[in-house]
Amino acid sequence: MLIAQITDVHIGFDRDNPDEHNMQRFRAVLKRLAGAPNRPDMLLLTGDLTEAGDAESFARLADAVRDCPFPVWPMVGNHDDRETLLAAFPQTPSQGGFVHYPLECDGFRLLLLDTLEPGRHGGEFCEARAAWLKAQLVAHPETPTIIVMHHPPFESGITWLDSAADEPWIGRFREAVSGHRQVRAIISGHLHRTIHTLWGGISLTVCPSSAPLVALDLTPIDPDRPDGRAMITDELPAYALHRWDGERLISHFESVGDWAVLASYNEQMQPVVRLIDVERGGK
47 MLIAQITDVH IGFDRDNPDE HNMQRFRAVL KRLAGAPNRP DMLLLTGDLT
97 EAGDAESFAR LADAVRDCPF PVWPMVGNHD DRETLLAAFP QTPSQGGFVH
147 YPLECDGFRL LLLDTLEPGR HGGEFCEARA AWLKAQLVAH PETPTIIVMH
197 HPPFESGITW LDSAADEPWI GRFREAVSGH RQVRAIISGH LHRTIHTLWG
247 GISLTVCPSS APLVALDLTP IDPDRPDGRA MITDELPAYA LHRWDGERLI
297 SHFESVGDWA VLASYNEQMQ PVVRLIDVER GGK
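Rendered as structure tokens:
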């Protein structure tokens with residue numbers, strides 16, 4: 047099964063322009079997914095879908111994905127608004143005031159979490175949300191599970207975007223997941239870059255954004271002393287394609303742009319393909 051992930055779309059950054067730069071980037075990724083050989087079985091939109099959570103931006107987003115040839119499942123990020131998202135995507139489940147819900151797939155489950163705290167840039171995971179996650183995991187102890195969340199629960203080194211490792215919400219999330227061996231992977235967004243780590247022994251990936259990316263600068267930042275460093279860069283829009291093979295999640299990442307094809311599968315390349323096929327045990 048192929049699961050596409052687009053994150054940090056930030057529609058409405060240029061609020062008065064329906065064809066704003068962020069929308070153009072988003073549409074380029076959608077076009078790639080719909081027309082590529084790796085058409086996904088579903089698309090996860092993992093938060094910060096809008097810049098300010100307003101109804102007009104959510105309406106533009108919903109219109110952009112209306113004709114997608116695969117199901118689209120949205121989540122909230124810190125820039126979003128729960129009620130406005132649910133109005134724009136009325137098929138989206140919610141429970142107890144939070145936009146969190148399970149997706150039952152063939153042989154595994156996705157648990158889409160809500161880490162939004164209105165007015166806060168970083169994540170939140172209160173006792174109610176932790177209890178919901180625990181109940182979901184306890185109810186399906188033998189089913190491989192992938193957790194999907196906007197805010198990653200670790201420090202990446204990009205300190206102006208990171209949550210601190212000792213923040214209470216991360217502790218609650220860690221306690222909720224601890225001991226549940228069916229959790230095979232965590233996928234997230236928020237940081238606008240491709241990042242991978244192990245978190246409590248679990249594979250954790252951060253998907254790059256479709257909106258402009260965050261500059262890769264791991265040097266400490268002083269909130270009292272602007273130093274002129276690059277913060278946001280107009281690198282190519284990107285997405286993740288997660289492949290569930292029945293046992294594990296394999297994550298691929300692609301930037302979307304125009305580039306030259308340097309080799310195609312033709313008679314010149316066929317010997318290479320045949321050699322590798324033999325090495326893999328083919329005929």
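Numbering of the sequence shown is given in this note's numbering, commencing with residue 47 and proceeding in unit increments.
Each residue gets a CB set at the ideal place from its N, CA and C atoms; glycine is no exception.
I'd like the ranges of any alpha helix (DSSP H) spanning at least 4 consecutive residues and lying wholly in the region 119-183. 128-134
Between the CA atoms of H238 and G274 - distance to the nearest angstrom: By one-based count along the sequence shown, residue 274 stands at place 228. By one-based count along the sequence shown, residue 238 stands at place 192. Roughly 20 Å between the two C-alpha positions.
Which of helix, strand or coil does DSSP assign to Q51? Position 5 of the sequence shown, counting from 1, holds the residue named residue 51. Strand, per DSSP.
Chain-order list of residues whose beta-carbon lies under 6 Å from that of D263 (same chain, five-residue window excluded): Here residue 263 refers to the residue found at position 217 of the sequence shown. Correct list, in chain order: R275.
Report the three-state DSSP secondary structure of L295 (helix, strand or coil). As a first step, residue 295 must be located in the sequence shown, where it is residue number 249. If DSSP states are grouped into helix, strand and coil, L295 belongs with the strands.
Under DSSP, the beta strand (DSSP E) around W245 begins and ends at which residues? Here residue 245 is taken as the residue at index 199 of the sequence shown, counted from 1. Looking at the DSSP string, the run of the beta strand (DSSP E) that includes W245 is 241-245.
Skipping 5 residues on each side, what residues in its chain have a beta carbon closer than 6 Å to that of S202? Start at 1 with the first residue of the sequence shown, and residue 202 comes out as number 156. Excluding residues within five positions, the ones whose Cβ falls inside 6 Å are D208, L237, I241.
Along the chain, where does the beta strand (DSSP E) containing A222 start, and where does it finish? Sequence index remark: in the sequence shown, residue 222 carries index 176 (1-based). Here A222 belongs to no beta strand (DSSP E); instead the alpha helix (DSSP H) covers 214-223.
From the DSSP secondary-structure annotation, give me the bridge partner or partners of R289. Residue numbering aside, residue 289 sits at position 243 when the sequence shown is read from its first letter. DSSP output for R289 lists L48, I296 as bridge partner(s).
Quick one: what's got a C-beta closer than 8 Å to I267's C-beta in the same chain, skipping five residues either side? Residue numbering aside, residue 267 sits at position 221 when the sequence shown is read from its first letter. Around I267: T205, W206, D273, R275.
Buried or exposed (CB count within 10 angstroms, at least 16 for buried), D127: Here residue 127 is taken as the residue at index 81 of the sequence shown, counted from 1. So D127 ends up on the buried side.
Do P120 and L95 have their C-beta atoms within less than 8 Å of each other? Taking the first residue of the sequence shown as 1, we reach residue 120 at position 74. Taking the first residue of the sequence shown as 1, we reach residue 95 at position 49. Going by C-beta atoms, P120 is nearer than 8 Å to L95.
CB of A257 within 8 Å of CB of T279, strictly: To locate residue 257, count along the sequence shown from 1; it is residue 211. To locate residue 279, count along the sequence shown from 1; it is residue 233. Result no, Cβ atoms of A257 and T279 do not sit closer than 8 Å.
Please classify A74: does DSSP put it in a helix, a strand, or coil? Taking the sequence shown and counting its residues from 1, the one referred to as residue 74 is at position 28. Three-state DSSP puts A74 in a helix.
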